[in-house]
Amino acid sequence: MDLQGKIAVVTGVSKGIGLSTVEALLEKGAIVAGWGRTKPALEHQDFHFFECDVRYPDSVQNAFDQTLSRLGVHIAVLVNNAGLGIAGKLDEQSIDDWQTMFETNVNGVFYCTRLVLPEMKEQGEGHIINISSIAGTTGIEEMSGYCGSKHAVRGISQSLYKEVRNYGIKVTCIYPGSVNTNFFDNFENITSRENMMRPEDIASTIVHALESHPNYHHVDIEVRPLMPKGRIQK
Numbered sequence: 464m465d466l467q468g469k470i471a472v473v474t475g476v477s478k479g480i481g482l483s484t485v486e487a488l489l490e491k492g493a494i495v496a497g498w499g500r501t502k503p504a505l506e507h508q509d510f511h512f513f514e515c516d517v518r519y520p521d522s523v524q525n526a527f528d529q530t531l532s533r534l535g536v537h538i539a540v541l542v543n544n545a546g547l548g549i550a551g552k553l554d555e556q557s558i559d560d561w562q563t564m565f566e567t568n569v570n571g572v573f574y575c576t577r578l579v580l581p582e583m584k585e586q587g588e589g590h591i592i593n594i595s596s597i598a599g600t601t602g603i604e605e606m607s608g609y610c611g612s613k614h615a616v617r618g619i620s621q622s623l624y625k626e627v628r629n630y631g632i633k634v635t636c637i638y639p640g641s642v643n644t645n646f647f648d649n650f651e652n653i654t655s656r657e658n659m660m661r662p663e664d665i666a667s668t669i670v671h672a673l674e675s676h677p678n679y680h681h682v683d684i685e686v687r688p689l690m691p692k693g694r695i696q697k
């Protein structure tokens, strides 16, 4: 896809992967609608922020309606990036924390995607990027809620691409390992953040997938830091 002049929606844009993705898309000439709870410190003539909490369908609908009103109806790209993780043993995790993860990480993908698909089908073009996690491919102790939500993103993505591929729409699911973002701010015993990937690394992968040939489809992309524990000392 040639991103020049295309309308792209990115969720969770206040910082981290979302903000880096917005910046990368702007560099490619896209017009970007950022949906999030907090406006990022970014000023650009082609960046438009719309307040949105993806946990709530009414909030998503409002952001979608405002986006169409201001930017136009032909949304070509959706990056479902908004997400969060809360650690805890399953029998000790609060119901509120469990529901917050699933409402954000899973329901948010549904609420956003269902709105952009009809026009993508009509145009015969579109690309949906879902940000899952390595946690969506395995189990991690004391992260059952987060892993469960990211496994759900994987299942949604793999089902959806089969539904929409013959309309010319791509669905790509990305599974990052550790990325140096605020995701880890509330986790104890995180000591090697300098060895994590950078948000801009994930953004570059997103752009690479978006710019691929129309008949070339990245379905699943797993990315990890090369040396998560640092270089071996000789």
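Heads up, the sequence shown is in the working numbering, so the first residue is 464 and it goes up one at a time. Using N, Cα and C, we set each Cβ at its ideal position, and we do this for glycine too. Since the model is a prediction, treat every value here as computed from it, not as a measurement.
* Asked: Quick one: complete alpha helix (DSSP H) runs, 4+ long, within the region 473 to 505?
  -> Scanning the region 473 to 505 from its first residue to its last, the whole alpha helix (DSSP H) runs of 4-plus residues come out as 479 to 490.
* Applying the criterion that 16 or more other CB atoms from any shown protein chain within 10 Å of the CB defines a buried residue, is Gly530 buried or exposed? -> Here the sequence assigns Thr to residue 530, which means Gly is not the residue at that position. Label assigned to Thr530: buried.
* To do: Please report the Cβ distance between Leu488 and Val686, rounded to the nearest whole angstrom; I am assuming they are in contact, meaning their Cβ atoms lie under 8 Å.
  => Actually they are not in contact, since the Cβ atoms of Leu488 and Val686 sit about 18 Å apart, beyond 8 Å.
* **Reduced DSSP secondary structure (H/G/I, E/B, other) of Thr567** => helix
* **Tyr630 versus Glu582 - alpha carbon distance** => 11 Å
* Asked: Measuring CA to CA, which of His681, Ser596 and Cys610 is closest to Ala550?
  -> Cys610
* Asked: Does DSSP classify Thr600 as helix, strand or coil?
  -> Under the three-state reduction of DSSP, Thr600 is assigned to coil, being neither helix nor strand.
* Quick one: grab the DSSP three-state call for Met660. => DSSP places Met660 in strand when its eight states are reduced to three.
* Over what stretch of residues does the beta strand (DSSP E) that includes Cys636 continue unbroken? -> Ile632 to Pro639
* Asked: Rounded C-beta distance between Phe512 and Gly497? I'm assuming under 8 Å.
  -> 5 Å
* Asked: Would you say Asn543 and Gly571 are within 8 Å of each other, going by their C-beta atoms?
  -> Taking 8 Å as the cut-off, the beta carbon of Asn543 is found closer than this to the beta carbon of Gly571.
* The beta strand (DSSP E) spanning Asp554 covers which residue range? -> Where Asp554 is concerned, there is no enclosing beta strand (DSSP E), given that its DSSP letter is neither H nor E.
* Asked: Given that a residue counts as buried once 16 or more other Cβ atoms are within 10 Å of its Cβ, and exposed if not, what is Met690?
  -> exposed
* Rounded to a whole number of angstroms, what is the C-alpha to C-alpha distance between Glu486 and Lys552? -> 37 Å
* Asked: Where do the ends of the beta strand (DSSP E) carrying Glu611 lie?
  -> At residue 611 the sequence reads Gly, which differs from the Glu that was named. Where Gly611 is concerned, there is no enclosing beta strand (DSSP E), although the alpha helix (DSSP H) it sits in stretches over Ser607 to Val627.
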